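Protein chains in written order, with the UniProt record's numbering: chain A, 1 to 298; chain B, 1 to 298.
Protein chains: 2
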Amino acid sequence: MNGWKNVLIFGMGLMGGSLSLAIKKKFPNIRITGVVRSESSKQTIQKKNISHDVLTESEFYQTRTFSDFDFVVFSTPVRSVIETIPKLPKSGTTVYTDLGSTKETILTAVNSHFDTVHHYISSHPMCGSEHSGPEAAKEDLYQDKLCIVTKPEKAKPETVDLVRSFWEAIGSWTLEMGEKEHDETLSYLSHLPHILSTLLVNTAIANPVTKKQIEKSTKPITGGGFRDMSRIAGSNPEMWLSIFEENRSNIFNSLNDYKIALEEIIEIFNPNRNSDLEKIRSVWEKSLFAKEIIQKHK
Amino acid sequence: MNGWKNVLIFGMGLMGGSLSLAIKKKFPNIRITGVVRSESSKQTIQKKNISHDVLTESEFYQTRTFSDFDFVVFSTPVRSVIETIPKLPKSGTTVYTDLGSTKETILTAVNSHFDTVHHYISSHPMCGSEHSGPEAAKEDLYQDKLCIVTKPEKAKPETVDLVRSFWEAIGSWTLEMGEKEHDETLSYLSHLPHILSTLLVNTAIANPVTKKQIEKSTKPITGGGFRDMSRIAGSNPEMWLSIFEENRSNIFNSLNDYKIALEEIIEIFNPNRNSDLEKIRSVWEKSLFAKEIIQKHK
């Protein structure tokens, strides 16, 4: 990593743009080339001076090759990462990674593309935002965030250490996880919450009395609870549709688990059932305990 | 309000304690008496110098009457507010309010207790926190928060203005709402989100793969999304059980509405159905639009 001179960031949205700013700060000697889809993104990158060079995809494929770079980061939606993997040179010293939010389909593509030892390590930095696009890029996006690292079968073990060191140099902390465990765990800890947040907002506005009160007020009738619970609602549809495609069955299972929990609590609230609301106390206590485990509070 | 000399705060948890600190700051000439349930709370109030005087409930009833005060604030759970209302003097100039999170049952108690014009105006300051108790009290808790004010049938109209002015002097902004509209609206904007947050945490920890990955990591495997979505989970069970008792049927309806939205999205994810995940785009777009209406962003 200390010898790296040229880094390619393929996809310069919030994540790619922020990564470019972070690398510029921590490794001032590295020259960063960004690849974007549109001319307008190219202009934003240039205007905001996010990377040293910036090319559209077609310019990139006409004038450069992946082997020109020491490190290549794919920060496009997962589907597009998967479509690019078969174009990668099968040998060489270039280290590859991606910022994909799901792992199983990427690892399948990597495992089937490379025949021998290779340098592709998949990454998932957990530092999304309800914002998107290079306009929202900021150099501390990766600071103190978790980056999950997943090793494909034939990847060189030392390359895992190298990629972890890179993320740690950028300010993240790292954790290695298998692709199946990753996708199942993330369906519960990330994908499910995004769907629940989105449905909450839609359910609230669909209630006519609530809608009328909201419309009558000049300021929001919401406390911190609703505000926090709705922050991620509806964010970044392109990215989320991509995640949903890649992780459909895990998300389906997490939604079904949630539905069972919801049905149990609905039955307690049923005014015709005369059930004891005190039962909710154990649900509440269980969640406080679980929250401590999940958030690692002592 | 400018002539007020003695204020009673009945219940000195997070809300009552913070209110006392706010009044001390804005109205240094007002003497505040706090009423608490336990000796240990009394000591906390004294040690942290939250109110000028502090009495246990039995000390209060033995030595003082509500008429000794210009303004009385009930900041106990709603059920206890309702049990106290029949003890209030039916005449006099004392202004009464409460900080109850639900309104219909309080208004029923007020309407049936007072025979003639009175000065009880119900309030709901929306500034909860996942913390509770007087230890967590802070003088800016009410700053820039919404306080919903509800007028009982026979309350003097000028007293509504007085109570609104009080809240505005404390730094809140106010909105008048009928009791039925309040309870239905809040079930969607506050009570439902608290239940959803609690169930999310419980659903995540119940998945064995997720639990194992969490246990293997020394730091939380969660991004900002899960963190925000779980902040209010399991908080303050006493207060929430009280809210659930008072607003059961509205919450039941909001949970059922949510379940319908959840079932619709589950069907889209069903891998056996081969349905089009693109359908989710409209759910996502609807929620962005709804979020702007609810949060009053332009």
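Using N, Cα and C, we set each Cβ at its ideal position, and we do this for glycine too.
Owing to the predicted nature of the structure, the values given are computational and were not obtained by experimental measurement.
Counting along the chain, where does the beta strand (DSSP E) carrying residue i start and finish?
| i | result |
| --- | --- |
| residue 123(A) | 122-125 |
| residue 27(B) | Counting along the chain, residue 27(B) falls outside any beta strand (DSSP E), and DSSP gives it neither H nor E. |
| residue 55(B) | 53-56 |
| residue 329(B) | Nothing about residue 329(B) can be reported from this structure: the residues present for chain B run from 1 to 298 only. |
From the DSSP secondary-structure annotation, give me the bridge partner or partners of residue i.
| i | result |
| --- | --- |
| residue 6(A) | 31(A) |
| residue 352(B) | There is no way to answer for residue 352(B), as the model of chain B reaches only from 1 to 298. |
Can you give me the start and stop residues for the alpha helix (DSSP H) that residue i sits inside?
| i | result |
| --- | --- |
| residue 175(B) | Segment 173-176 is the beta strand (DSSP E) holding residue 175(B); no alpha helix (DSSP H) there. |
| residue 293(B) | 280-295 |
| residue 45(A) | 39-47 |
| residue 186(A) | 179-186 |
| residue 366(A) | The displayed coordinates of chain A run from 1 to 298. Any statement about residue 366(A) would go beyond what the structure contains. |
When you compare the CB positions of residue i and residue j, do they come within less than 8 Å of one another, or not?
| i | j | result |
| --- | --- | --- |
| residue 30(B) | residue 146(A) | no |
| residue 167(A) | residue 71(A) | no |
| residue 228(B) | residue 228(A) | yes |
| residue 10(B) | residue 75(B) | yes |
| residue 234(A) | residue 291(B) | yes |
| residue 214(B) | residue 294(A) | yes |
| residue 67(A) | residue 98(A) | no |
| residue 137(B) | residue 8(B) | no |
| residue 56(A) | residue 283(B) | no |
| residue 155(A) | residue 119(A) | yes |
| residue 241(A) | residue 131(A) | no |
| residue 209(B) | residue 108(A) | no |
| residue 263(B) | residue 275(B) | no |
| residue 249(B) | residue 200(B) | no |
| residue 254(A) | residue 202(B) | no |
| residue 115(B) | residue 90(B) | yes |
| residue 158(A) | residue 25(A) | no |
| residue 54(B) | residue 46(B) | yes |
| residue 302(A) | residue 296(B) | Residue 302(A) lies beyond the stretch modelled for chain A, which goes from 1 to 298, so this question has no answer here. |
| residue 94(A) | residue 60(A) | no |
| residue 141(A) | residue 1(A) | no |
Whole-angstrom Cβ separation of residue i and residue j, contact assumed at under 8 Å?
| i | j | result |
| --- | --- | --- |
| residue 176(B) | residue 111(B) | Not confirmed; about 17 Å, so no contact. |
| residue 103(B) | residue 191(B) | With 8 Å as the limit, residue 103(B) and residue 191(B) do not qualify as a contact, their Cβ atoms being about 13 Å apart. |
| residue 134(A) | residue 12(A) | 5 Å |
| residue 34(B) | residue 51(B) | 4 Å |
| residue 178(B) | residue 128(A) | At roughly 40 Å, the Cβ-Cβ gap does not stay under 8 Å, so residue 178(B) and residue 128(A) are not in contact. |
| residue 77(B) | residue 238(B) | 6 Å |
| residue 271(A) | residue 252(B) | 6 Å |
| residue 81(A) | residue 106(A) | 6 Å |
| residue 188(B) | residue 207(A) | 5 Å |
| residue 193(B) | residue 232(B) | 7 Å |
| residue 164(A) | residue 174(A) | 4 Å |
For the ligand ADP, is there a heavy atom less than 7 Å away from the beta-carbon of residue i?
| i | result |
| --- | --- |
| residue 107(A) | No copy of the ligand ADP occurs in the structure displayed, which carries no ligand at all. |
Counting only runs of 4+ residues fully inside the region 203-259 of chain B, write out the alpha helix (DSSP H) ranges in chain order. 208-216, 224-230 and 237-246
Would you list, in sequence order, the uninterrupted beta strand (DSSP E) runs of no fewer than 3 residues that lie entirely inside the region 66-141 of chain A? 71-74, 95-98 and 122-125
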